[in-house]
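Numbering (my numbering), first residue to last: 0 to 305.
(1) Taking just the CA atoms, how far does residue 269 sit from residue 189?
(2) For residue 146, report the span of its beta strand (DSSP E) as first-last.
(3) Closest to residue 162 by C-alpha separation, out of 170, 172, 151, would be which residue?
(4) Looking only at its own chain, which residues have a Cβ that is under 8 Å from the Cβ of residue 271, when we skip the five neighbours before and after it?
(5) Between residue 245 and residue 110, what straight-line distance do the alpha-carbon atoms span, to the nearest angstrom?
(6) Where residue 281 and residue 258 are concerned, what is the direct C-alpha to C-alpha distance, given to the nearest angstrom?
(7) Apart from the five residues on each side of it in sequence, which residues of its chain come closer than 6 Å, Cβ to Cβ, to residue 291?
(8) Judging by CA-CA distance, which residue of 129, 128, 149, 126 is the nearest neighbour of residue 137?
(9) At which residue ranges does the segment 230 to 287 contain complete alpha helix (DSSP H) runs of 4 or more residues, listed in the order of the chain?
(10) Looking only at its chain, what residues have a beta carbon closer than 6 Å to the beta carbon of residue 229, apart from the 5 residues adjacent to it on each side?
(11) For residue 146, which residues in the same chain have their Cβ closer than 6 Å to its Cβ, ignoring the five residues on either side in sequence?
(12) Can you give the Cα-Cα distance for residue 159 and residue 256, rounded to whole angstroms?
(13) Just to confirm, are residue 118 and residue 102 a CB contact at a threshold of 7 Å?
(14) Near residue 216, what residues of its chain come up, given a Cβ to Cβ distance below 7 Å and the 5 sequence neighbours on each side ignored?
(15) Whole angstroms is fine: what's the gap from residue 133's alpha carbon to residue 283's?
(16) Grab me the residues of residue 100's own chain with a C-beta within less than 8 Å of its C-beta, minus the 5 sequence neighbours each way, in chain order.
(17) Please state whether the Cβ-Cβ distance between residue 198 and residue 233 is less than 7 Å.
(18) Measure how close the beta-carbons of residue 182 and residue 211 come, nearest whole angstrom, since I'm counting them as under 8 Å.
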């Protein structure tokens, strides 16, 4: 063996110890027995940079998932894969019992409830988890009866539709067509006027826009209200009250409440609403003009004018 000289001194190199032929056998067999393959080496490398085996596997999965998403993004393939996965998830949930069995509508009248259920278009055994509740809410609020709505999913099989229904104010007749309106004068398209015989009848152009102003004052007077046939809007300025016996009460454009008080006082003194008349003119706040019914037949009314 040649000598190695360092710093001028000579030392004799020692012969290397021979490695036994079977020295690596236990370690290899141990790795093979654990079924780890090449993973232990990689996990130990991760530990060397401060990552636990679980974190290392999670990071690897995240990288693989990102790579897969980027690969599939071209041509909307990622979207198709996601949609297919979502559909399979919904079907799987339905198989476990998460499917529609009952729909409860709260806050709606029977007439409104029928139109709401028709609008949402739900069917039995529909996967409950796959429903778009926001889209359902918008469909419900497009129904004329509904002011606002809230949709709640009650697992495993129930959907609750809670609504605030628009109140019915009156039946509006204009150009030969009758519709039901709410407190804001908006038409409720689904409402059949024939099914609301107790609602007040208002007549004329723009009558729907002013009905909420006059009706409360009239409804506060039961003797007048029970005899009322219709409120007629005249030239979009004022109201005529047409009674069931053919009588006519002409209200002013301003000061309707004061005019109704005058009529009420007159009726208390003379019971004129019971006796009948042809016309009472209340358009002048300083005087009340009454035209009694003489030879005129009921129904022959003075034309409603300004």
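Beta carbons: idealized from backbone N, C-alpha and C, even for Gly. Predicted, not measured: the structure shown is a model, and the values here were computed from it.
Taking the structure as given:
(1) Between residue 189 and residue 269, the alpha-carbon positions lie close to 44 Å from each other.
(2) 145 to 153
(3) Closest option to residue 162, Cα to Cα, is 151.
(4) Counting only Cβ-Cβ distances below 8 Å, and skipping sequence neighbours, we find 265, 279, 289.
(5) 34 Å
(6) 6 Å
(7) 276
(8) 149
(9) 255 to 269, 271 to 274
(10) 200, 202, 241
(11) 163, 165
(12) 44 Å
(13) no
(14) 255, 256, 259
(15) Between the alpha carbons of residue 133 and residue 283 lies a distance of about 55 Å.
(16) These residues qualify, in order along the chain: 123, 124, 156, 157.
(17) Taking 7 Å as the cut-off, the beta carbon of residue 198 is found no closer than this to the beta carbon of residue 233.
(18) 6 Å
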